[in-house]
Amino acid sequence: MVFLHKIFQMKVTKIACIGAGYVGGPTMAVIAQKNPGIQVTVVDLNEQRIANWNHEDLSKLPIYEPGLAEVVAEARGRNLFFSTDINKAIVEAELIFISVNTPTKTYGKGKGMAADLKYIELCARQIAETATTNKIVVEKSTLPVRTAEAIKNILENNSNNLQFQILSNPEFLAEGTAVADLQNPDRVLIGGETTPEGQEAIEALVQIYNSWIPRERILTTNLWSSELSKLTANAFLAQRVSSINAMSELCEVTGANVQEVASAIGMDSRIGNKFLKASVGFGGSCFQKDILNLVYIAKSYGLNEVADYWEQVIILNDHQKKRFAENIIKTLYNTVSGKKITVLGWAFKKDTNDTRESAAIYVTSALMEENASIHVFDPKVEKHQIIGDLEYLNVHTSEEINQFLSIENDPYTACKNAHAIAILTEWDEFKTYDWQKIYDNMMKPAFIFDGRDILDVNKMREIGFVVYSIGKSV
Ligand code: NAD
Ligand code: UDX
Numbered sequence: 004m005v006f007l008h009k010i011f012q013m014k015v016t017k018i019a020c021i022g023a024g025y026v027g028g029p030t031m032a033v034i035a036q037k038n039p040g041i042q043v044t045v046v047d048l049n050e051q052r053i054a055n056w057n058h059e060d061l062s063k064l065p066i067y068e069p070g071l072a073e074v075v076a077e078a079r080g081r082n083l084f085f086s087t088d089i090n091k092a093i094v095e096a097e098l099i100f101i102s103v104n105t106p107t108k109t110y111g112k113g114k115g116m117a118a119d120l121k122y123i124e125l126c127a128r129q130i131a132e133t134a135t136t137n138k139i140v141v142e143k144s145t146l147p148v149r150t151a152e153a154i155k156n157i158l159e160n161n162s163n164n165l166q167f168q169i170l171s172n173p174e175f176l177a178e179g180t181a182v183a184d185l186q187n188p189d190r191v192l193i194g195g196e197t198t199p200e201g202q203e204a205i206e207a208l209v210q211i212y213n214s215w216i217p218r219e220r221i222l223t224t225n226l227w228s229s230e231l232s233k234l235t236a237n238a239f240l241a242q243r244v245s246s247i248n249a250m251s252e253l254c255e256v257t258g259a260n261v262q263e264v265a266s267a268i269g270m271d272s273r274i275g276n277k278f279l280k281a282s283v284g285f286g287g288s289c290f291q292k293d294i295l296n297l298v299y300i301a302k303s304y305g306l307n308e309v310a311d312y313w314e315q316v317i318i319l320n321d322h323q324k325k326r327f328a329e330n331i332i333k334t335l336y337n338t339v340s341g342k343k344i345t346v347l348g349w350a351f352k353k354d355t356n357d358t359r360e361s362a363a364i365y366v367t368s369a370l371m372e373e374n375a376s377i378h379v380f381d382p383k384v385e386k387h388q389i390i391g392d393l394e395y396l397n398v399h400t401s402e403e404i405n406q407f408l409s410i411e412n413d414p415y416t417a418c419k420n421a422h423a424i425a426i427l428t429e430w431d432e433f434k435t436y437d438w439q440k441i442y443d444n445m446m447k448p449a450f451i452f453d454g455r456d457i458l459d460v461n462k463m464r465e466i467g468f469v470v471y472s473i474g475k476s477v
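All residue numbers for the sequence shown refer to the numbering used here, where the first residue is 4 and numbers rise by one.
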């Protein structure tokens, strides 16, 4: 153990991160920016993604995040590297982050609920086969509680007397504000074993974060608390959105205004004012996946009431998306067949080009099933991605997508001759459009369905629009 003791006590000089996605890329860019003395190499199987991370033109980075290009420009080539040579990065690093995707399983036991851990296991096996020295392996991906046990098993059963310490260091960044969240996080969470070696490994990672984050904001726990805290945080956040969305429906039928209700309850310091924005439904790659995973874990321990409680957050979210689409159909005289409906916003929230689980996908699909002609404009999402999202849903044939979907490059063209507009992402620029001009060029009555409550309803009604805004009575 003396050998082990020494290894984990030493200062980390080289980091590898497996997975150059929405978490691995920005997180490692900030770690490299703040630790110029540490070499950080981010590796991925996806050659195109790595090529884009290395692109000279910073507007071609694979991820759009405010402030990210500046951080990459500062660190890339100095101590931040992007590569497809996974084995080399593993051999060189003393500390390896695993930041690969952990999607919901689409096959076998736990299909539609459990997290698919095949990418995590592949990483563990590759580290076990390739490593030639002891390593600290850090779970950065969001994982079911007790995954560290499986990773440790794989590592220890496959290598030649090497020692591994597994840490859990879940990431709490939100897309659209990732760089700010990483540079100034509410807290960093590190879980590890309670053995002396585990504590030394924790300390090695604490030092990396401590180069820019005050020590009191770096929380250390045991492994299982850390793994479970990540799922819990996402479940609580999503629950707030479903709670306010449930109230939005009640507001619409009672004459209350959901924004006023949110302000009134948010001023109670016990409740707080964040995550109380009623919407067409939450999207993103995390909330649904992580709650389903939590539900699955609870069920697997026989905790059915716990599972049912959290599942309701998803059920309400599905209901919110569905009722938004149904309201459009009902308001347009119960038929949207052949009508032009403009979708403004495809990303799951503003300031990101990520569209995973975006409400826009489901609302559009529901309208396409009614043969509406959908015209989409999003300031950051590219055409192929929008089409890919609908193909991935597996509800519409390619012919149907061709027939019913058009992607526009200009919002005014997108809205021209439309029967209705649906705002599905809260992009700031939507607020500044010349809405009089848009109204003048639409079919009458001109309907607008604001799924994000970003427009001034009174002003829009003065222009002549028939306005439906989430959580407000018509
Ligand atoms: P992502 O899909 O954007 O990126 C994952 C990357 O891992 C992909 O580029 C993929 O090619 C790569 N990869 C998969 N298997 C690999 C392997 N064996 N070797 C090398 N590369 C491999 O995913 P993401 O959004 O960055 O999420 C990663 C993890 O972080 C997930 O567990 C997610 O739940 C969690 N997380 C995501 C967010 C977020 O906002 N997106 C926030 C916090 C936590
Ligand atoms: C979330 C967590 O916030 C983050 O801590 C975790 O690391 C990853 O998952 P993200 O999904 O990127 O982050 O964005 P978030 O800001 O949480 O928004 C998620 C969804 O909820 C979006 O569709 C957003 O529009 C919606 N939302 C959020 C609301 O509808 N109302 C709100 O008040 C807040």
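From the three backbone atoms N, C-alpha and C, an ideal C-beta is built for every residue, glycine too.
Let me make sure I understand the geometry here. Which of Met371, Phe351 and Ile410 has the alpha-carbon closest to that of Ala177?
In the sequence shown, residue 177 corresponds to position 174, counting from 1. Here the closest residue by C-alpha is Phe351.
Between the CA atoms of Ala92 and Leu396 - distance to the nearest angstrom
One-based indexing of the sequence shown puts residue 396 at position 393. One-based indexing of the sequence shown puts residue 92 at position 89. About 36 Å.
For a test of the three-state rule: what should DSSP assign to Asp293, helix, strand or coil?
Reading the sequence shown from its first residue, position 290 is the one you call residue 293. Three-state result, Asp293: helix.
To the nearest angstrom, report how far apart Ser162 and Gln168 are at their CA atoms.
Within the sequence shown, the letter at position 159 stands for residue 162. Within the sequence shown, the letter at position 165 stands for residue 168. Roughly 13 Å between the two C-alpha positions.
Excluding the 5 residues flanking Phe6 on each side, which residues of the same chain have their C-beta closer than 6 Å to its C-beta?
As a working mapping, residue 6 is identified with position 3 in the sequence shown. With a pLDDT of only 41 at Phe6, under 50, the local geometry of the prediction cannot be trusted, and the value read off the model is given with reservation. Within the same chain, and ignoring the five residues on either side of Phe6 in sequence, no residue has its Cβ closer than 6 Å to its Cβ.
Would Gln42 and Glu77 qualify as a contact pair, given that the criterion is a beta-carbon distance under 8 Å?
Position 39 of the sequence shown, counting from 1, holds the residue named residue 42. Position 74 of the sequence shown, counting from 1, holds the residue named residue 77. Cβ distance not < 8 Å, so Gln42 and Glu77 don't count as in contact.
Let me know the secondary structure DSSP gives Leu98 once reduced to three states.
For the purposes of this step, residue 98 is taken as residue 95 along the sequence shown, with counting starting at 1. It is a strand residue.
Compute the Euclidean distance between the alpha carbons of Ser102 and Cys418, then round it to the nearest angstrom.
For the purposes of this step, residue 102 is identified with residue 99 of the sequence shown, where counting begins at 1. For the purposes of this step, residue 418 is identified with residue 415 of the sequence shown, where counting begins at 1. Ser102 and Cys418: Cα-Cα distance of roughly 40 Å.
What does a CB cutoff of less than 7 Å around Lys343 pick up in its chain, not counting 5 residues either side in sequence?
By 1-based counting over the sequence shown, the position of residue 343 is 340. Same-chain partners within the cutoff: Ser376, His378, Asn420, Ala421 and His422.
Any non-hydrogen atom of the ligand UDX within 7 Å of Ser246 CB
Residue 246 sits at position 243 when you count from the first residue of the sequence shown. No, Cβ of Ser246 sits at least 7 Å from all heavy atoms of the ligand UDX.
Asn405 lies in the beta strand (DSSP E); which residues open and close that run?
Sequence index remark: in the sequence shown, residue 405 carries index 402 (1-based). Careful: Asn405 lies outside any beta strand (DSSP E), inside the alpha helix (DSSP H) at Ser401 to Phe407.
Given this structure, state the Cα-to-Cα distance separating Ile247 from Glu314, to the nearest angstrom.
As a working note, residue 247 is residue 244 in the sequence shown. As a working note, residue 314 is residue 311 in the sequence shown. Rounded to the nearest angstrom, the two C-alpha atoms are 16 Å apart.
Flag this pair as yes or no: are the beta carbons of Val477 and Ile451 separated by less than 8 Å?
Reading the sequence shown from its first residue, position 474 is the one you call residue 477. Reading the sequence shown from its first residue, position 448 is the one you call residue 451. Contact flag unset, no.
Can you tell me whether Phe6 is helix, strand or coil according to DSSP?
As a working note, residue 6 is residue 3 in the sequence shown. At Phe6 the pLDDT is 41, less than 50, meaning the model places this residue with poor confidence; the figure from the coordinates comes in the next sentence. If DSSP states are grouped into helix, strand and coil, Phe6 belongs with the helices.
Return the CA-CA distance between Asn164 and Ile300, expressed in angstroms with no decimal places.
Locating residue 164 in the sequence shown gives position 161, counting from the first residue. Locating residue 300 in the sequence shown gives position 297, counting from the first residue. Their backbone Cα atoms lie some 33 Å apart in a straight line.
Euclidean distance between Cα positions of Tyr25 and Asn307
Stepping through the sequence shown from its first residue, residue 25 is reached at position 22. Stepping through the sequence shown from its first residue, residue 307 is reached at position 304. Near 33 Å, if we compare the C-alpha coordinates of Asn307 and Tyr25.
Three-pair Cβ contact test at 8 Å for the stretch 176-194 versus the stretch 212-223
Verdict: yes, contact present.
Run through DSSP, which three-state label would Gly27 get?
Your numbering for residue 27 matches position 24 in the sequence shown. Correct three-state label for Gly27: helix.
Heavy atom of the ligand UDX less than 7 Å from the Cβ of Cys289, yes or no?
To locate residue 289, count along the sequence shown from 1; it is residue 286. Under cutoff, so the answer is yes.
Consider the C-beta atom of Gly269 and the heavy atoms of the ligand FAD; say whether any pair is separated by less than 7 Å.
Although the ligand FAD was asked about, the structure shown includes only the ligand NAD and the ligand UDX as ligands.
Within 10 angstroms of the Cβ of Lys462, are there 16 or more other Cβ atoms? Answer buried if so, exposed if not.
Counted from its first residue, the sequence shown places residue 462 at position 459. If you draw a 10 Å sphere on the C-beta of Lys462, you find fewer than 16 other C-beta atoms in it, and that means exposed.
For Asn137, is the classification buried or exposed, using 16 other Cβ atoms within 10 angstroms of its Cβ as the cut-off for buried?
Here residue 137 refers to the residue found at position 134 when the sequence shown is read from its first residue. So Asn137 counts as buried.
Rank Val244, Gly111 and Gly27 by C-alpha distance to the C-alpha of Ser86 and give the top, closest one.
As a first step, residue 86 is located in the sequence shown; it is residue number 83 there, counting from the start. Ranking Val244, Gly111 and Gly27 by Cα distance to Ser86 puts Gly27 first.
Is it true that the CB of Gly474 sits closer than 8 Å to the CB of Ala449?
The residue you call residue 449 lines up with position 446 of the sequence shown. The residue you call residue 474 lines up with position 471 of the sequence shown. At a Cβ-Cβ threshold of 8 Å, Ala449 and Gly474 do not count as neighbours.
Arg149 (DSSP reduced to helix, strand or coil):
Taking the sequence shown and counting its residues from 1, one reaches residue 149 at position 146. Residue state, collapsed to three classes: coil.
Could you have a look at Lys91 and say whether DSSP puts it in helix, strand or coil?
As a working mapping, residue 91 is identified with position 88 in the sequence shown. In the three-state reduction of the DSSP assignment, Lys91 falls in the helix class.
Which first and last residues belong to the beta strand (DSSP E) in which Phe84 is found?
As a working mapping, residue 84 is identified with position 81 in the sequence shown. Judged by DSSP secondary structure, Phe84 falls within the beta strand (DSSP E) whose first and last residues are Leu83 to Ser86.
Let me check you understand the geometry: is the CB of Cys20 closer than 7 Å to at least one non-hydrogen atom of the ligand NAD?
Looking up residue 20 in the sequence shown gives position 17. Cys20: no, Cβ never under 7 Å from the ligand NAD.
Please report the residue range of the alpha helix (DSSP H) in which Phe239 lies.
Taking the first residue of the sequence shown as position 1, residue 239 is located at position 236. That run of the alpha helix (DSSP H) goes Leu226 to Thr257.
Closer than 8 Å by C-beta to Lys63: which residues in its own chain qualify, once you throw out the five before and the five after it? Chain order, please.
Numbered from 1 along the sequence shown, position 60 holds the residue referred to as residue 63. Correct list, in chain order: Asn55.
Please confirm whether Leu408 and Leu427 have their CB atoms less than 8 Å apart.
As a position in the sequence shown, residue 408 is number 405, starting the count at 1. As a position in the sequence shown, residue 427 is number 424, starting the count at 1. Not closer than 8 Å, so no.
Would you kindly check if the distance between the Cβ of Phe100 and the Cβ of Ile18 is under 8 Å?
As a position in the sequence shown, residue 18 is number 15, starting the count at 1. As a position in the sequence shown, residue 100 is number 97, starting the count at 1. Between Ile18 and Phe100, the gap from beta carbon to beta carbon is short of 8 Å.
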